[in-house]
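Taken in order, these protein sequences are the chains called X and A.
Start counting the first sequence at 147; every next residue gets the next number (the numbering used here).
Start counting the second sequence at 147; every next residue gets the next number (the numbering used here).
Beta carbons are placed, not taken as given, at the ideal position from N, Cα and C, and that holds for glycine.
A short worksheet on the structure shown next.
2 protein chains.
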Amino acid sequence: MKLIFQKSDLISGINIVMKAVSSKTTMSILECILIDATEGKIQFVANDMELGIETGVKGEIIEAGSIAIDAKIFSEIVRKLPDSDVVFEVYDETKANITCENAKFNILVKSADDFSNLPTIVKKDKITISEYSLREIIKQTAFTINEANKNKVLTGELFEVKGDQLKVVALDEFRIAIRNIQLKEEYGNFKVLVPGKSLNEISKILTGDMEDEVNIYFTGNHILFEFGDTKVVSRLIESSNYFDTDKMISSDYKTKIDINKKELTECIDRATLLIKEGDRKPVFFTMKDTELELSINTFIGSMNEVIPVSKEGSDMMISFNPKFIIDILRVLENEQVSLYFTNPKAPCFIRDEENSYIYVVLPVVQ
Amino acid sequence: MKLIFQKSDLISGINIVMKAVSSKTTMSILECILIDATEGKIQFVANDMELGIETGVKGEIIEAGSIAIDAKIFSEIVRKLPDSDVVFEVYDETKANITCENAKFNILVKSADDFSNLPTIVKKDKITISEYSLREIIKQTAFTINEANKNKVLTGELFEVKGDQLKVVALDEFRIAIRNIQLKEEYGNFKVLVPGKSLNEISKILTGDMEDEVNIYFTGNHILFEFGDTKVVSRLIESSNYFDTDKMISSDYKTKIDINKKELTECIDRATLLIKEGDRKPVFFTMKDTELELSINTFIGSMNEVIPVSKEGSDMMISFNPKFIIDILRVLENEQVSLYFTNPKAPCFIRDEENSYIYVVLPVVQ
Numbered sequence: 147m148k149l150i151f152q153k154s155d156l157i158s159g160i161n162i163v164m165k166a167v168s169s170k171t172t173m174s175i176l177e178c179i180l181i182d183a184t185e186g187k188i189q190f191v192a193n194d195m196e197l198g199i200e201t202g203v204k205g206e207i208i209e210a211g212s213i214a215i216d217a218k219i220f221s222e223i224v225r226k227l228p229d230s231d232v233v234f235e236v237y238d239e240t241k242a243n244i245t246c247e248n249a250k251f252n253i254l255v256k257s258a259d260d261f262s263n264l265p266t267i268v269k270k271d272k273i274t275i276s277e278y279s280l281r282e283i284i285k286q287t288a289f290t291i292n293e294a295n296k297n298k299v300l301t302g303e304l305f306e307v308k309g310d311q312l313k314v315v316a317l318d319e320f321r322i323a324i325r326n327i328q329l330k331e332e333y334g335n336f337k338v339l340v341p342g343k344s345l346n347e348i349s350k351i352l353t354g355d356m357e358d359e360v361n362i363y364f365t366g367n368h369i370l371f372e373f374g375d376t377k378v379v380s381r382l383i384e385s386s387n388y389f390d391t392d393k394m395i396s397s398d399y400k401t402k403i404d405i406n407k408k409e410l411t412e413c414i415d416r417a418t419l420l421i422k423e424g425d426r427k428p429v430f431f432t433m434k435d436t437e438l439e440l441s442i443n444t445f446i447g448s449m450n451e452v453i454p455v456s457k458e459g460s461d462m463m464i465s466f467n468p469k470f471i472i473d474i475l476r477v478l479e480n481e482q483v484s485l486y487f488t489n490p491k492a493p494c495f496i497r498d499e500e501n502s503y504i505y506v507v508l509p510v511v512q
Numbered sequence: 147m148k149l150i151f152q153k154s155d156l157i158s159g160i161n162i163v164m165k166a167v168s169s170k171t172t173m174s175i176l177e178c179i180l181i182d183a184t185e186g187k188i189q190f191v192a193n194d195m196e197l198g199i200e201t202g203v204k205g206e207i208i209e210a211g212s213i214a215i216d217a218k219i220f221s222e223i224v225r226k227l228p229d230s231d232v233v234f235e236v237y238d239e240t241k242a243n244i245t246c247e248n249a250k251f252n253i254l255v256k257s258a259d260d261f262s263n264l265p266t267i268v269k270k271d272k273i274t275i276s277e278y279s280l281r282e283i284i285k286q287t288a289f290t291i292n293e294a295n296k297n298k299v300l301t302g303e304l305f306e307v308k309g310d311q312l313k314v315v316a317l318d319e320f321r322i323a324i325r326n327i328q329l330k331e332e333y334g335n336f337k338v339l340v341p342g343k344s345l346n347e348i349s350k351i352l353t354g355d356m357e358d359e360v361n362i363y364f365t366g367n368h369i370l371f372e373f374g375d376t377k378v379v380s381r382l383i384e385s386s387n388y389f390d391t392d393k394m395i396s397s398d399y400k401t402k403i404d405i406n407k408k409e410l411t412e413c414i415d416r417a418t419l420l421i422k423e424g425d426r427k428p429v430f431f432t433m434k435d436t437e438l439e440l441s442i443n444t445f446i447g448s449m450n451e452v453i454p455v456s457k458e459g460s461d462m463m464i465s466f467n468p469k470f471i472i473d474i475l476r477v478l479e480n481e482q483v484s485l486y487f488t489n490p491k492a493p494c495f496i497r498d499e500e501n502s503y504i505y506v507v508l509p510v511v512q
């Protein structure tokens, strides 16, 4: 087996599949990248048994073959090579020479037979969206997920397709994030629960271009994302007892404020300074006439600040864990945001007119 | 007490004195900055009893006074304020209001009486060098120092003045770094041992300008650096039994090579990839005719690379801990460097013709 790559192509390929290389495992084959050049093209594959990624890599095949190589060592070596052609040559089936200009590395490789291939996906239920939309959806919902949550259902995001509508939901014990996306076609009805961890890794690979499309295939056990030269397969989480979030959403409100997102973010950011780690002090929102006063009082000191708002409905005072509000403001692109309140003990809603995004946050009840 | 600052002036002042704020202490006064506006100007002071810094800060004194404030909280609050005028007002002698646009913080402050002032330095023995030179000297020597070394003498750098010559020495068990600097005047003869930690903090404050000068004052117990509006005082380390490095230096050699610094650095960097943490594999230098071959062989694999050199003297093979060579190459500005060898068990010297810098590195003896 002998291949020649441009260093930059090699790095792009490694960067993509590295997202599915296991870092905590006792099975050394899960720490490997499969380099497969048996079918007239070069494919890199990694698979940690939760998430699997396969991508095409540009290069010249001098002699066909297929081996597995430790991903971390391979990646580190390639990164430190001069910017030039890299020759990758396997001999004795157990050793590889990596040569670039005057530098020559020799490291051990494993048989491709030991490598776990990606599961085969039956391509039936499918939707198509842009890379941009998929990346935005993940950014705007996945922050609510704690990957280490013991309640497995809370580590996943619901992808629910109804005709030409895609609804994505993520939540934890205190908040819900929902994105509603209009699709270009009717695709049927199906829903799956995708691990948040897989979505976070995928969003790092997506270019985020409006023009580039992602085909997403849904099966009972897996979800497959196909874009460019890359395929990403993730296992699913059992979703039969997922929450009925429709019941938790209401469009009634007593008070609505429109506020500049940047001003509100910076103000909450300042208030947060006075909270020591582990301390659970809330930030008070006092809405009166055309002003929102934010205030906080902790062991360190106190702070208050007034922001002009456009208000509809009655005056109100309510308090929040500032992190929950900040997390939402950080992922929104809008210049102005609208907050809806019913009473100091009821959830606050942050949403746009079209409900393309809906966030629900529980207040701190004193 | 009432002062008005521009946010940017406040941040510059805080950044300077923060270097002398203790982070590991049970004495909360050592975590404070003294803000002193009693003598018609505003001074910020911090003092962790090892290192003390005093700097002038631009601002308007509406009402004179002096208090101490928790450095970390003060710094965090100021950083998050809008870019505007900051009003700092103390009332009841225990509380300060920090106001900027609509944001108003209220935090506790301490009495200035509890603050430990900087020691008074008798200005007798003195030298003057540029900020640029001092910063370069520290960068090129301090990397050999392990601040946690149990041998106190090894945590310091020798500053030795002989007439118009300054010699700075830092060393550990395996290497020596020496800088010789020609001063502009004759200053007498004196030497002190300065904690490496103090020097590292000072180098972060120095602007590094060629035109700006630093006056350095030497006493039996302290060293004082004066530059711009800032004074830095450090305690000294007992130096009476410091090493006689002159005895360790020799200008004899059997082999000398001149080599491109960037090529050598990148090549050693690549070889280092194959060394796992805790593993002590050396890199072999094989000098033959006009080539240097670097090679390494570890549990991970092997690597070798040939670099063209200009060689004087006999062929030689010697091995080093690669980190020791890399550390030196990283702090040198020169495009070409010269390495001098005597035999595989004797130290290697990296120095320029004028001995303005001299590095001594012990080889790994197999």
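Helix, strand or coil: which one does DSSP assign to residue i?
i, result
"N480/A", "coil"
"I188/A", "coil"
"D231/X", "strand"
"Y278/A", "helix"
"L475/X", "helix"
"T411/X", "helix"
"L300/X", "helix"
"G374/A", "coil"
"I351/A", "helix"
"F116/A", "This structure leaves residue 116/A out entirely; chain A is present only between 147 and 512."
"N243/A", "strand"
"K393/A", "helix"
"D260/X", "helix"
"T436/A", "coil"
"F431/A", "strand"
"E451/X", "strand"
"Q311/X", "strand"
"T401/A", "strand"
"F495/X", "strand"
Using the beta-carbon of each residue, which ones in chain A are nearer than 8 Å to residue i?
i, result
"N252/X", "G447, S448, M449"
Mind listing the chain A neighbours of residue i? Cutoff is C-beta to C-beta under 7 Å, in chain order.
i, result
"L548/X", "No statement about residue 548/X is possible, as the shown extent of chain X runs from 147 to 512 and does not include it."
Determine the extent of the alpha helix (DSSP H) in which residue i is found, giving its start and end residues.
i, result
"I421/A", "No alpha helix (DSSP H) holds I421/A; DSSP gives it neither H nor E."
"L382/A", "That residue, L382/A, is in no alpha helix (DSSP H); it is neither H nor E in DSSP."
"L339/X", "Counting along the chain, L339/X falls outside any alpha helix (DSSP H), though it belongs to the beta strand (DSSP E) covering 335-341."
"I157/X", "153-164"
"A217/A", "217-226"
How would you list, in chain order, the residues of chain X whose beta-carbon sits under 9 Å from the beta-carbon of residue i?
i, result
"I219/A", "L419, L420, I446, G447"
Using a C-beta to C-beta distance shorter than 7 Å, which residues of chain X count as neighbours of residue i?
i, result
"A323/A", "Those within 7 Å of A323/A in chain X number zero; the least Cβ separation is about 26 Å."
If you count every other CB in all the chains shown that lies within 10 Å of the CB of residue i, and 16 or more means buried, which is it?
i, result
"Q189/X", "buried"
"V268/A", "exposed"
"Y503/X", "buried"
"Y237/A", "exposed"
"E481/A", "exposed"
"F389/A", "exposed"
"R497/A", "buried"
"F513/X", "For residue 513/X there is no data in the structure shown, the boundaries of chain X being 147 and 512."
"E347/A", "buried"
"K377/X", "buried"
"P509/A", "buried"
How would you write the range of the beta strand (DSSP E) that residue i sits in, first residue to last?
i, result
"G202/X", "197-202"
"A323/X", "321-328"
"D182/A", "178-183"
"M463/X", "462-466"
"I207/A", "206-209"
"A294/X", "Unbroken run through A294/X: none, as it is neither H nor E."
Could you list which residues in chain X have their beta carbon closer than 8 Å to that of residue i, in chain order?
i, result
"I453/A", "N248"
Kindly indicate if chain B contains any beta-carbon less than 9 Å away from that of residue i.
i, result
"V167/A", "In summary, chain B is missing from the structure at hand, where the protein chains are X and A."
What are the residues of the stretch 399-416 of chain A that lie near chain X, defined by any Cβ-Cβ distance shorter than 8 Å? E412, C413, D415, R416
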